[in-house]
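What follows is a single structure, written as structure tokens, with notes after it.
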Amino acid sequence: MASELVVEVGLGVYLGSLAGIFPALVAFALGFGFKYLTGVSIPGLGVVVLAGGLAGVSGGLLGLLDENVAQSTTGVTAILVVLMLSLWAHAQGDKLGATVPRQLTLSRLRGTDFSTDFLERVDSYGQIKIKPVSVEDIEGYPPLAEDTRQAIQSTTWKFPVGLSVAELERKVAEKLTEAYSLADVTVTIDSEGLAEITAAPESAGLSRRIPTGRRAVSIRTLLPTGLAIGDEVTLTLPDGSVSGPVVSAKTDGAGTESAPKPADSGVKTDGGTEEATAERPLQAPTTTGGRGSVTVALPPEEARRVVREETTKLTVQSRGKNREYETIDVIERGDNQFQLVPLATGSPFDGVTLEDARFRETFGIAVLAVRRSTDRIVAPPRSTELVAGDELLIAGSADAIASFREAVV
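Numbering-wise, my numbering puts 244 at position 231 of the sequence shown, and it's gapless, one number per residue.
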């Protein structure tokens with residue numbers, strides 16, 4: 014009797030393994046797919062029902078659902094083996110879906126559509142070059158000046174290769190707006206790194222540059238070389254100093270400086286290879302130095318003080334545009350350090366959001382950015398979910414960073 018029971022159980026294990034291959038594969042695929050794409054796990058009860066149905070189909074096809082077999086110890090054992098295989102496969106797929114980096118999601122399809130040939134042209138500094146292919150006007154706005162259009166057309170930009178297309182388009186638009194004081198600009202970058210630019214100049218001149226509640230005051234004085242619209246200047250008066258932004262500046266007789274045009278030597282190429290041109294830096298119009306006129310936006314009371322004076326001394330204030338360096342300097346003043354820490358596989362923070370991780374309360378560190386294989390998240394929101402393989406740029410004291418590394422690596 015005992016030998017017959019062992020034989021029936023062994024036969025049930027064999028039949029269950031044979032019939033459970035297909036349900037186990039389906040359970041693994043569903044578990045991995047749901048967890049990878051949505052972050053949600055399929056309930057175990059659903060897996061059991063699905064595995065039972067699939068086992069019935071595959072078992073019927075294999076001739077394993079004979080009535081005598083299904084009501085015997087062999088049948089019960091086979092069903093249990095099928096369900097255990099399916100639950101195990103589902104658990105493995107769910108685990109794999111949680112650990113594999115999410116390199117492709119529906120929200121990131123726009124950010125990873127550079128062609129392979131273009132990505133292979135990354136320079137030694139890990140940067141890609143964006144070149145404009147066309148500069149068009151925006152309907153309803155005045156057309157761009159021809160010199161502005163040519164300046165934009167001959168400019169190139171370099172950015173880190175990790176940025177998405179949307180971020181690249183935004184950064185190029187910001188640079189154009191800042192350099193040429195554009196009223197509106199739209200940038201579209203294709204898979205080859207070519208930018209289609211649609212831009213419009215300001216529809217008004219001086220009035221658009223004057224902040225609300227201020228007055229424009231023009232003075233004649235000695236202007237330094239390189240003074241541009243937007244620079245912060247200080248006017249020294251006998252009874253004190255006043256400060257404000259420059260809204261207009263011009264040197265007498267010289268106008269504004271621009272990049273020199275290459276001389277035409279008269280020598281023509283044979284048309285075989287296009288001659289490489291040097292990258293032109295993006296610059297706003299600036300003064301060439303010497304006596305000239307400058308218009309500064311000041312509060313009404315200070316504007317009246319400037320008007321009453323005959324001569325005024327002008328000083329340009331230092332104002333760095335790289336705010337990140339100022340931020341780093343402020344953070345380092347408190348004896349803090351920066352460090353890039355990878356999130357290892359199996360870390361307790363894998364799949365946990367920044368809000369739930371509570372790094373600041375637990376370790377005394379702040380996460381400034383998250384670098385992934387496809388993009389970078391600067392100042393990540395608290396809802397950002399961390400996954401294995403992420404590199405966290407953190408700031409904190411040396412002891413806090415050391416304890417954090419022990420917890421995540």
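Where a beta carbon is used, it is the ideal one built from N, C-alpha and C, also for glycine. Model, not experiment: these values are computed from the prediction.
#1: With respect to the beta strand (DSSP E) encompassing Glu41, which residues constitute its N-terminal and C-terminal limits?
#2: Ignore the nearest five residues each way along the sequence and tell me which others in Ile223's own chain have a CB closer than 7 angstroms to its CB.
#3: Residues in the same chain with beta-carbon distance under 7 angstroms from Leu295, minus the five sequence neighbours each way, listed in chain order, please.
#4: Express the C-alpha separation of Asp342 and Thr375 in angstroms, rounding to a whole number.
#5: Quick check on Pro313: does DSSP put it in helix, strand or coil?
#6: Note down, in chain order, each residue of its chain lying with its Cβ closer than 6 angstroms to the Cβ of Lys91, except the 5 sequence neighbours on either side.
#7: Mapping the DSSP letters down to three states, classify Thr340 as helix, strand or coil.
#8: Determine, using beta carbons only, whether Arg304 and Leu250 come nearer to each other than 8 angstroms.
#9: Helix, strand or coil: which one does DSSP assign to Arg222?
#10: How is the beta strand (DSSP E) around Leu399 delimited, first residue to last?
#11: Buried or exposed: which applies to Leu399, given that a residue is buried once 16 or more other Cβ atoms fall within 10 Å of its Cβ?
#12: With burial defined as no fewer than 16 other Cβ atoms inside 10 Å of the residue's Cβ, what is the status of Ala179: buried or exposed?
#13: What does the Cβ neighbour count give for Ser99, buried or exposed, with the cut at 16 atoms within 10 Å?
#14: Would DSSP call Ser410 helix, strand or coil?
#15: Taking the straight line between their C-alpha atoms, what separation do you get for Phe417 and Pro258?
#16: Excluding sequence positions up to five away, which residues of its chain have a Cβ less than 6 angstroms from the Cβ of Ala186?
#17: For the alpha helix (DSSP H) that Ser204 lies in, which residues bound it at each end?
#18: The alpha helix (DSSP H) with Asp369 in it runs from where to where?
#19: Give a yes or no on whether the C-beta atoms belonging to Asp150 and Ala213 are separated by under 8 angstroms.
#20: With the cut-off set at 8 angstroms, would you say Phe351 and Ala408 are in Cβ contact?
Judging by the given coordinates:
#1: According to the sequence displayed, residue 41 carries Phe and not Glu. Here Phe41 belongs to no beta strand (DSSP E); instead the alpha helix (DSSP H) covers Ile34 to Thr51.
#2: Ala229, Val260 and Ala310
#3: Below a pLDDT of 50, predicted positions are generally treated as unreliable, and Leu295, at 42, falls in that range; no measurement from the model is reported.
#4: 25 angstroms
#5: helix
#6: Before going further, note that residue 91 is Ala rather than Lys in the sequence given. Excluding positions up to five away in sequence, the list reads Gly25, Leu28 and Gly29.
#7: helix
#8: no
#9: helix
#10: Segment: none, Leu399 is in no beta strand (DSSP E) and carries neither H nor E.
#11: buried
#12: exposed
#13: buried
#14: coil
#15: 45 angstroms
#16: Val198 and Val200
#17: Premise fails: Ser204 is in no alpha helix (DSSP H) and is neither H nor E.
#18: Leu367 to Ala370
#19: yes
#20: yes
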